[in-house]
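In what follows, a single structure is set out as structure tokens and then discussed.
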Amino acid sequence: MIQVGKSKFKSGVKESVLEAVSQIGGFNQFISNGDVVFLKPNFNTADPFPASTDLEFLKSVVELVYEAGAKTVLLGDSSTITANTRKVMEKIGVFELEKMPTPPRIYIFEEGFWGTSATDVQKAPVKWVRKDLSVGKYLKSASLPDILDKADKLILLPCLKTHKYAQLTGSLKLSVGFVKPVERLSLHFKNLQEKIAELNTLIKPDLVIMDARKCFITEGPSSGELREPGLVLASTGRVAIDIEGIKIIQSFKGNSLAGIDPSELPQIKKAIELGIK
Numbered sequence: 002m003i004q005v006g007k008s009k010f011k012s013g014v015k016e017s018v019l020e021a022v023s024q025i026g027g028f029n030q031f032i033s034n035g036d037v038v039f040l041k042p043n044f045n046t047a048d049p050f051p052a053s054t055d056l057e058f059l060k061s062v063v064e065l066v067y068e069a070g071a072k073t074v075l076l077g078d079s080s081t082i083t084a085n086t087r088k089v090m091e092k093i094g095v096f097e098l099e100k101m102p103t104p105p106r107i108y109i110f111e112e113g114f115w116g117t118s119a120t121d122v123q124k125a126p127v128k129w130v131r132k133d134l135s136v137g138k139y140l141k142s143a144s145l146p147d148i149l150d151k152a153d154k155l156i157l158l159p160c161l162k163t164h165k166y167a168q169l170t171g172s173l174k175l176s177v178g179f180v181k182p183v184e185r186l187s188l189h190f191k192n193l194q195e196k197i198a199e200l201n202t203l204i205k206p207d208l209v210i211m212d213a214r215k216c217f218i219t220e221g222p223s224s225g226e227l228r229e230p231g232l233v234l235a236s237t238g239r240v241a242i243d244i245e246g247i248k249i250i251q252s253f254k255g256n257s258l259a260g261i262d263p264s265e266l267p268q269i270k271k272a273i274e275l276g277i278k
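First residue of the sequence shown? That's 2 in this note's numbering, and the numbers climb one at a time after it.
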């Protein structure tokens, strides 16, 4: 059975992340000296956490990954098709991370890599790689950024929240941000949850760290009824950590997932059928 580490937030974000990951073996079990590590946060919109990734949480993970021996930390995302990813990141303050002693390289999937300072713009366009899904019943192919094929390790950093169309947005739903924006329109037309699961057969994360200090228990993904579980979760399994996330949401009265068996939620059920852990 795949473990889910769970840390109760008390004082520091970095300490809580470290404790959760330590419960499943520690960062050194997932990262080797010299690794290039890609972090996938949630910058779908610039709405405040838990709608988007908390900057302190992201900074803490960057520091911990470097401390574990990574040579380079990359992070990137692509916002919803109705938003501008650069403006979303600017509003959240993501580019402030470039001032860290050992900064990450920040990617905007539609634009590429943008150097290590505001005055040092080194644009290197991301290439979209079209990949066929042999298991796809609802999703036959998807174009993903080539950075996924270049990094040694992938760490997913989902928030925890309900979603008005997909019911839940956790680690499985986070991978939609990898898809070329124009292709996301048809993704949402029909059988969204099943397509989310099928898409995840193309994504191979080494670690998932979920920031569940706050969550939405209704609506979502950009706003909803807010609760504060005060937890940070870590796992090697997307299904395992999403199921735990559902249980956390269900622990609050008035949640929109009440009465649902977590393993029967369509995206979870389909992911299990496809052998996704």
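Note that CB positions come from ideal geometry on N, CA and C, so glycine has one too.
Residue i versus residue j - alpha carbon distance
| i | j | result |
| --- | --- | --- |
| asparagine 256 | glutamate 226 | 8 Å |
| alanine 71 | serine 33 | 7 Å |
| threonine 202 | aspartate 55 | 27 Å |
| valine 240 | aspartate 212 | 16 Å |
| glutamate 99 | aspartate 78 | 16 Å |
| serine 236 | lysine 248 | 15 Å |
| lysine 208 | lysine 41 | The sequence given here places leucine at residue 208; lysine does not occur at that position. If you take the alpha carbons of leucine 208 and lysine 41, they lie about 11 Å apart. |
| leucine 169 | threonine 163 | 4 Å |
| alanine 52 | asparagine 43 | 8 Å |
| glutamate 245 | serine 252 | 11 Å |
| isoleucine 242 | lysine 88 | 30 Å |
| glutamate 229 | threonine 219 | 13 Å |
| serine 187 | serine 142 | 12 Å |
| threonine 81 | leucine 140 | 19 Å |
| lysine 92 | phenylalanine 190 | 29 Å |
| serine 223 | aspartate 48 | 6 Å |
Cβ shell of residue i (< 7 Å), same chain only, five flanking positions each side left out
| i | result |
| --- | --- |
| isoleucine 261 | none |
| glycine 231 | Lys9, Phe10, Arg214 |
| proline 1 | This structure cannot speak to residue 1, because the chain is shown only from 2 to 278. |
| valine 136 | Glu199, Thr202, Leu275 |
Pick from the options that is closest to residue i, judged by C-alpha positions
| i | options | result |
| --- | --- | --- |
| leucine 37 | Gly231, Leu155, Ser144 | The sequence given here places valine at residue 37; leucine does not occur at that position. It is Leu155 whose Cα lies nearest to the Cα of valine 37. |
| alanine 273 | Phe58, Leu173, Ser142 | The sequence given here has isoleucine at residue 273, not alanine. It is Leu173 whose Cα lies nearest to the Cα of isoleucine 273. |
| lysine 258 | Gly238, Phe217, Lys271 | A small fix is needed here, since residue 258 is leucine in this sequence, not lysine. Leucine 258 has its Cα closest to that of Phe217, out of Gly238, Phe217, Lys271. |
| isoleucine 148 | Tyr166, Trp129, Ser17 | Trp129 |
| glycine 1 | Ile82, Ala69, Glu97 | Residue 1 is absent from the structure shown; the chain starts at 2 and stops at 278. |
| valine 183 | Ser144, Phe50, Leu134 | Ser144 |
| threonine 46 | Thr83, Gln30, Ser23 | Thr83 |
| isoleucine 50 | Asp150, Leu158, Ile269 | It should be pointed out that residue 50 corresponds to phenylalanine in this sequence rather than to isoleucine. Considering only alpha carbons, the answer is Leu158. |
Cut-off 6 Å between Cβ atoms - residues of its own chain near residue i, not counting five sequence neighbours on either side
| i | result |
| --- | --- |
| isoleucine 204 | Ser176 |
| serine 61 | Val14, Lys15, Val18 |
| glycine 178 | Asp78, Ser79 |
Extent of the continuous beta strand (DSSP E) to which residue i belongs
| i | result |
| --- | --- |
| isoleucine 109 | 106–109 |
Cβ-based neighbour list, residue i, same chain, cut-off 8 Å, excluding 5 preceding and 5 following
| i | result |
| --- | --- |
| tyrosine 67 | Val74, Thr103 |
| glutamate 111 | Ser79, Thr86, Val127, Pro182 |
| glycine 6 | Glu20, Ala21, Val22, Ser23, Gln24, Ile25, Leu234, Ala235, Ser236 |
| threonine 120 | Here the model assigns threonine 120 a pLDDT of 43, short of 50, so the residue's position is not dependable, and the following value carries that caveat. Around threonine 120: no qualifying Cβ. |
Residue span of the alpha helix (DSSP H) that contains residue i, given as start and end
| i | result |
| --- | --- |
| threonine 86 | 86–93 |
| glycine 238 | Glycine 238 -> no alpha helix (DSSP H), and no H or E assigned at all. |
| alanine 167 | Run containing alanine 167: none; DSSP gives neither H nor E here. |
Heavy atom of the ligand SAM within 6 Å of residue i beta-carbon
| i | result |
| --- | --- |
| glycine 77 | This structure simply doesn't include the ligand SAM, nor any ligand for that matter. |
Check: Can you list the alpha helix (DSSP H) stretches of 4 or more residues lying completely in the region 179–262, in chain order?
Finding: 185–188, 193–200, 239–251
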